[in-house]
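Report on one structure; see the data block that follows.
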Amino acid sequence: MYNDKVMEAFRNPKNVGEIENCDGLGKVGNASCGDIMQITLKIENDVIVDAKFKTFGCAAAIATSSTATDMIIGMTIEEALKITNKKVVEELEGLPPQKIHCSVLAEEAIKAAIEDYQNRKKGIVVEKEEKYV
Amino acid sequence: MKQIYLDHAATTALDKRVLEKMLPYFCDTYGNANSQHGYGREAQKAVDEARDTIAKLIGAKPNEIYFTSGGTESDNWALRGTVKAMAGKGNHVIMSCIEHAAILSTAKELEKEGVEVSLIGVDSEGFIDLEELKKAILPTTVLISCMYANNEIGTVEPIAEIVKIAKEHGILVHTDAVQAMGAIDINVAELGVDMLSFSAHKFNGPKGVGALYIKNGIPMARLISGGHQERTRRGGTTNVPGVVGFAEALKLTKQTMKEDTAYVASLRDRFIKRVEEEIPFSKLNGARDMQKRLPSNADFSFEFIEGESILFSLDIDGIAVSSGSACSSGSLEPSHVLLAIGLSEEKAHGTIRFSFGKENTIEEVDYVVDTLKNTIQRLREMSPLFNLKGEIKNV
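Chains as they are written, first to last, in the numbering used here: chain C, 1385 to 1517; chain B, -15 to 379.
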C-alpha cells in the first residue's frame, strides 16, 4: 500500500526528537483518532535552522513528519507557511487515499509551530499542552 | 531475511497433503457434480464423501452440512435465512457486541429492513454477559448468535450455556466457529447449536470454501436460488476440489489436534510471558484463563504508539502480524472489540494480534520478542506521549 519512498522515510525517519528551548512548538491531532504530531522549531532571524518531530501514529504519519520537517529546515517562516499537505505528498511521491489526512496533519503542525513562534515573539504565551487531548 | 508468519487467525497455508487430494479434481475428475454422466457421478461421489467426512468430524448428519464460499457467507446466511424463515414468529435477534463484521454488518442491514437487534456487552476479558443476554430475550426473539471464539482477542465464549438459556425459550442459536474450528473439539450434536459457521482456510484448507451446519428441522430460508445444490438452499455449481480439500484439511487437523494445539499453546504462553515481563506498558487483551483462550492467540496493546506503525516495522523485519487498529484498513475507527472490552481509543490503536501456528518454532517466538522489544522502544522514542525516562507524559 505504501511506496518505497514512504517506507524508507518510515524506516529511517529524519529529525526525530524534541528541540529543547525551542522557539516554536506545534502539536496537532488526537490520540483517539490515532494521530498526534508534534513539531518543534529552532528559528534564527525568521529562518528555520532546525526542526524535530515526535509522532504517535501510523507509518504514513511518521513518514510525513520526517519529510515535512526535512522540507522546512533552511526555509524562512514565510516559505514554510506555504508548505501545503499536497507538497508533502508530492515529496513522498504519493500516499494512499485514506492516509492523506496524515499529510494534512503535517501541514497543520508546521503552521501551529510557526504560529507559536510568532505569538512568543509578540509576548503571547499560549498554553497548548492540554489542548490536544 | 528470515520470514516469520504470525497471522494464522487471518489465514493458514494449504497443507500439501490437502493439495494432493484436491489436484485430481481440477483437470482429471472435472465433472459437474450435478451432471448425470460418469464425470458428474464421480464428482458427486467426491462431494458426498467430503460431506460425510466433515459431518462425522463435527457430530452432524451429512445432510446438515451446507457448503458455502466461507465464513462470511455462512454468517450472512445464518442470520438472513433464520430471520426470513421465522418472520411469522418474531423479528428480534440477539448477538454479542464483539461479533465479526460478517454478523454485525448483516445485522445492521437487517435493522434497516425492520428487524430488531440487541447487542449484548462483554466483560473486560471479552466474555459475553449472560445476565444481560437473559434480560434481552423477548417473546419475539428468534435467534441468538454468538461467536465460538473471538477473532481478535481469542476469548472462547460459553456457547453451551447460551444454548441452555436459548432452549428454555425455544430460541435458535447460531455460532460463528470460524476461529474455533480446528483449535477446539466441536461436536454440534453435543453442543446443541442449531447453526454453526466454519471455513476451511483457517485450518490449512483451501480458501473460498466453508460450510454452514444447519440442524435438520429448523426453519431456514434459501440463500441462493437457481440450482439443486445443497438441497436447493444454496444453488451454484459445487466447488468440487474445494470441498474435497476442506474435508481432507479438517480430517488431518482433527487427527493431530490435541498435540498440535498443546504445542501452539506453549508457543503462545512463552510469548505472553516474555512480552509481559520484558515490555513495559503492554497489556494482554482477552481471556487470562488460558483454557478459555484460543491456543493460537496473543493480542497485546502497547501504550503510547500506534498499531500500524508496529505492524510495518515488524513487516520490514520479516514478521507478519495483524493490527487491531482499523486505521490500516482505511478507517480511523478503532476495533469495536477492543472498545467493547473497555480499552481507550488510544490503547485500542496500539494493539497487535499475534496468532501462532504449528509450523512456528520456539526460536521464532524468541526472535519475535527480541525484535518486538526494539520496535516498541524505537517507536516510543518517536512518540510525543512517552519520554525516554519511561515516564508517561501528562496527557
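Where a beta carbon is used, it is the ideal one built from N, C-alpha and C, also for glycine.
These numbers were taken from a predicted model, which means no experiment stands behind them.
- Under the three-state reduction of DSSP output, ILE78/B falls in the strand class.
- Relative to LYS119/B, the option among ALA133/B, LEU103/B and SER108/B whose CA is nearest is LEU103/B.
- For a Cβ distance threshold of 7 Å, residue set GLU329 and GLU330 of chain B lies close to SER1416/C, ordered along the chain.
- Contacts between MET(-15)/B and chain C, judged by CB atoms closer than 8 Å, are missing: the closest CB pair is about 14 Å apart.
- Pairing GLU317/B with SER328/B, the inter-Cα distance amounts to about 12 Å.
- With the rule of 3 Cβ pairs closer than 8 Å, the segment 1483 to 1501 of chain C counts as touching the segment 1435 to 1448 of chain C.
- Using beta-carbon distances, PHE296/B counts as an interface residue toward chain C, with a partner under 8 Å.
- The straight-line gap separating the alpha-carbon atoms of GLU145/B and ALA1493/C is approximately 53 Å.
- When C-beta atoms of the segment 26 to 45 of chain B are compared with those of the segment 172 to 187 of chain B, three or more pairs fall below 8 Å, so the two segments count as touching.
- According to the DSSP secondary-structure assignment, LEU(-10)/B is paired through a beta bridge with no residue.
- Only exposed fits TYR14/B, as fewer than 16 other CB atoms lie within 10 angstroms of its CB.
- Per DSSP, GLY1410/C is one residue of the beta strand (DSSP E) stretching across 1408 to 1414.
- Listed in chain order, the non-local C-beta contacts of SER297/B below 8 Å within the same chain comprise THR359, ARG362 and LEU363, local neighbours out to five positions each way being set aside.
- For the C-beta of GLN1422/C, the chain B residues within less than 7 Å are, from N- to C-terminus, PRO368.
- Setting aside the 5 residues that flank it on each side, LYS276/B is surrounded in the same chain by VAL140, each with a C-beta closer than 6 Å to its C-beta; the list follows chain order.
- For LYS1411/C, the residues of chain B that pass the 8 Å Cβ criterion are PRO368, in the order they occur in the chain.
- For the pair VAL106/B and ILE82/B, the CB atoms are nearer than the 8 Å cut-off.
- Shown here for VAL349/B: same chain residues with a beta carbon closer than 6 Å to its own, the five before and five after excluded, namely LEU251, ARG254 and PHE255 in chain order.
- Closest option to LEU1465/C, judged by alpha-carbon separation, among ALA1490/C, GLU1477/C and GLY1478/C: ALA1490/C.
- Annotated three-state conformation of TYR14/B is coil, per DSSP.
- Per DSSP, the unbroken alpha helix (DSSP H) holding ARG35/B starts and ends at 22 to 42.
- Your pair ILE303/B and VAL352/B checks out as a contact, with CB atoms roughly 6 Å apart and the cut at 8 Å.
- The Cβ of VAL1488/C sits no closer than 8 Å to any Cβ of chain B.
- By the rule that beta-carbons nearer than 8 Å mark a contact, CYS1406/C does not touch chain B.
- In the structure shown, ALA164/B falls within a coil segment according to DSSP collapsed to helix, strand and coil.
- Taking 7 Å as the upper bound on Cβ-Cβ separation, chain B lies near residues ILE1420, GLN1422, LYS1438, THR1439, PHE1440, GLY1441, CYS1442, ALA1443 and ILE1446 of the segment 1419 to 1447 of chain C.
- Identification of chain B residues near VAL1400/C by a Cβ-Cβ cut-off of 8 Å yields GLU365 and MET366, ordered along the chain.
- Only PHE288, ILE289, GLU290, GLU292 and SER293 from the segment 273 to 293 of chain B bring a Cβ to less than 7 Å from some Cβ of chain C.
- Under the three-state reduction of DSSP output, HIS212/B falls in the coil class, being neither helix nor strand.
- Contact annotation: THR216/B and ASP301/B have beta-carbon atoms that are not nearer than 8 Å.
- Between VAL228/B and ALA34/B, the C-beta spacing is below 8 Å.
- If you check the CB distance, ASN223/B and GLY194/B do not come in under 8 Å.
- When the alpha-carbon of MET1455/C is set against those of VAL1433/C, ALA1443/C and GLY1507/C, the nearest one is in VAL1433/C.
- For MET131/B, there is no enclosing beta strand (DSSP E), as DSSP marks it with neither H nor E.
- By the neighbour-count criterion, in which 16 or more other beta carbons inside 10 Å mark a residue as buried, ILE1508/C falls on the exposed side.
- Our two residues, THR(-4)/B and ILE1457/C, have alpha carbons roughly 47 Å apart in a direct line.
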